[in-house]
Structures are given as structure tokens and as C-alpha cells.
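In order, the protein sequence lines correspond to chains W and C.
Heads up: the first sequence begins at 1031 in my numbering, then just goes up one per residue.
Heads up: the second sequence begins at 409 in my numbering, then just goes up one per residue.
Glycine included, C-beta positions come from ideal geometry on N, C-alpha and C.
These notes are about the structure you will find just below.
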Amino acid sequence: MDTDDDGTYLWVSVDEDAKPGRLIVRGELDAASAVELADRIEAARAAGADIALDLADVTFMDSSGLRSLIEVQRRSESEGFEFCVAEASEAVRRVFDLTGTSSLLAP
Amino acid sequence: MTMAEAVTYEPSTVEQEEPDLVLTDPEPIGARHALRLLLEASALDRQQVDDLVGAVSEVVTNARLYGRPPVRLAAWDRDRQAIVTVSDGGEGPADPDAGVRPAKREVGAGGLGLWMARQMCEQVVMGRHADGFTIRLVVGSA
């Protein structure tokens, strides 16, 4: 529930100890901040990486956040790369459960 | 396709009382944080608060995207029950049953946020009035 001085409330970092496309996401994923995540995924894709998202520290996700994940999944099918949500917080799981999209989460 | 008649908004009795929180044109994140703060000491359980915060965030996002300013949020903390209204100067969704039918929740088709809000709250009531459109979200029981 915190924000930077410039109002940022979503932070995306690359997991240096893992494959290049593993992104660690922290903060609140809503319509405004989903743009930041999309940009970071785009950058990883430009480098040819498969995408795995660690959402364990995402404290809030709304329908726009979910939509952005579904969008990446659709692209992974059409463009032929791997995509999964590797870790998910309770807040993220709640949205998956409500909308029947738990298959996004890696088993 | 026939469209159902627009529904007239009927305020609940609590709405005649002074709200515990009023926000004008809130960003969704501001609405979430203010509501969490308000409900910190309420008797609602964590899931109820999380769900109400999620539902309000969806409705505020919709109001900013599709409604007409000003967007006004009012909240009443009644211990075991929390009531939030979000109003804007627009007409609301053309279909008063928006977000009700499962078909409408296909991702990317729109209406997903409102559908989720309906799942997360005990009560979702919406309708039009002289000043625009209001949606009421309720969790817990009186």
C-alpha cells in the first residue's frame, strides 16, 4: 500500500538468478499500472525471452490487470513463446478464482 | 436485441446520513487506499474489505472511463456493514443488467470489472437520477 514520491505504485524487476524473462512484480496492478507491466514484458519479448511472472508481491489486481495477463497468454499462443504466472499472491488468486482463470497459474 | 428500461436509482436510508468518507474525482488507487483506511477498524473480515476495495476500484475505473465528471465517492462504515456509492454525471451503462450475465465476462469483451464487482459484494444496485448515475456497493449485513 505504498507509493513512490512520483506516484509510482507498481515495480517490475528482472530476476537476475533466473531465466531472462522472469519478471518480479510488486505493488498494485490496475488499469494505469498495467501499462508499465506491458512495457516490461514487451522489452523482455524483444530480447526473445519466454515470460514467467512472479506476482507473489502484488497486493492488488483488478480486471484490467487480469486482462493484460490474458493478452500476453493469447500472444504466447499466436507467437509461440512460453508464458506463465509462476507465483501469485492471495489478491491475484482471488481474481483468478472469481473469473475461472486459474489456468494462468503454473501448476 | 431489446434493451431493458433504464432503472431509476433508489437511495438506501443510510445515504441520508452524513458519509464517513467523500472523495471527488478520485484516482482508483486513491479510492482504494482511502477506503482501506476507513475500514481498518471495522468488524468486517479481511476478505470482505479486500472484496469491497476491489469492487469499488472497478466501479471508479468505469466511472472515469465511461462516465461524465465529476465522479463522487461516498462511504458509510456501519461496523458489520460497509456501503459505498459512486456517482457520476453520465447516464451509466445502457443496459441496466450490465455485468450480470456470464456471457458478458468474456475477457476483453468489456463488463468484466462490473461482473467482478457483483461477485465481490453482497449487494450492487445502480440507476439513473436527475444528476446522473449512481451505483451502490454493499458488503456485510446490518
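Length of the line joining the Cα atoms of C/Gly462 and C/Phe541
In the second sequence, counting from the first residue as 1, residue 462 of chain C sits at position 54. In the second sequence, counting from the first residue as 1, residue 541 of chain C sits at position 133. Rounded to the nearest angstrom, the two C-alpha atoms are 20 Å apart.
Assuming W/Leu1083 and W/Leu1053 are in contact, meaning their beta carbons sit under 8 Å apart, how far apart are those beta carbons, in whole angstroms?
The residue labelled residue 1083 of chain W in the question sits at position 53 within the first sequence. The residue labelled residue 1053 of chain W in the question sits at position 23 within the first sequence. Sure, about 6 Å apart at Cβ, within 8 Å.
Taking 7 Å as the CB-CB cut-off, is W/Leu1128 touching chain C?
Locating residue 1128 of chain W in the first sequence gives position 98, where the first residue counts as 1. W/Leu1128 counts as touching chain C.
Which residues in the same chain as C/Val422 place their Cβ atom closer than 6 Å to its Cβ, once the five residues preceding and following it in sequence are excluded?
The residue labelled residue 422 of chain C in the question sits at position 14 within the second sequence. Once the five neighbours on either side are set aside, the close Cβ partners of C/Val422 are Trp484 and Ile491.
Contact with chain W by C/Pro436, beta-carbon distance below 7 Å:
What you label residue 436 of chain C is simply residue 28 of the second sequence in a count that begins at 1. Cβ-Cβ to chain W under 7 Å: yes for C/Pro436.
Check whether the Cβ atoms of W/Ala1074 and W/Glu1117 sit closer than 7 Å, and answer yes or no.
Here residue 1074 of chain W refers to the residue found at position 44 of the first sequence. Here residue 1117 of chain W refers to the residue found at position 87 of the first sequence. No, the Cβ-Cβ distance between W/Ala1074 and W/Glu1117 is not below 7 Å.
Can you list the residues of chain C that W/Arg1056 reaches, using a CB-CB cut of under 7 Å?
As a first step, residue 1056 of chain W is located in the first sequence; it is residue number 26 there, counting from the start. Near W/Arg1056 there are no residues of chain C at all, since even the closest Cβ is about 14 Å away, more than 7 Å.
Measuring alpha carbon to alpha carbon, tell me which residue in C/Leu473, C/Ala442, C/Asp487 and C/Val415 is nearest C/Ser450.
As a working note, residue 450 of chain C is residue 42 in the second sequence. Of the candidates C/Leu473, C/Ala442, C/Asp487 and C/Val415, the one whose C-alpha sits nearest the C-alpha of C/Ser450 is C/Asp487.
Taking 7 Å as the CB-CB limit, is W/Ala1077 close to chain C?
Start at 1 with the first residue of the first sequence, and residue 1077 of chain W comes out as number 47. It does not: the Cβ of W/Ala1077 has no partner Cβ on chain C nearer than 7 Å.
Taking CB distances under 7 Å as the criterion, tell me whether C/Glu466 reaches chain W.
Sequence index remark: in the second sequence, residue 466 of chain C carries index 58 (1-based). So yes, C/Glu466 belongs to the interface.
beta-carbon C/Ala414 near the ligand SAM non-hydrogen atom, thresh 6 Å
In the structure on display, the ligand SAM does not appear, and there are no ligands present to speak of.
Nearest-angstrom Cα distance between W/Ala1061 and W/Val1115?
Taking the first sequence and counting its residues from 1, the one referred to as residue 1061 of chain W is at position 31. Taking the first sequence and counting its residues from 1, the one referred to as residue 1115 of chain W is at position 85. Straight-line Cα distance between these residues: approximately 19 Å.
How close, in whole Å, do the beta carbons of W/Ala1121 and W/Ser1094 come, if the pair is a contact with beta carbons under 8 Å?
Within the first sequence, numbered from 1, the residue matching residue 1121 of chain W stands at position 91. Within the first sequence, numbered from 1, the residue matching residue 1094 of chain W stands at position 64. 14 Å between Cβ atoms; not a contact.
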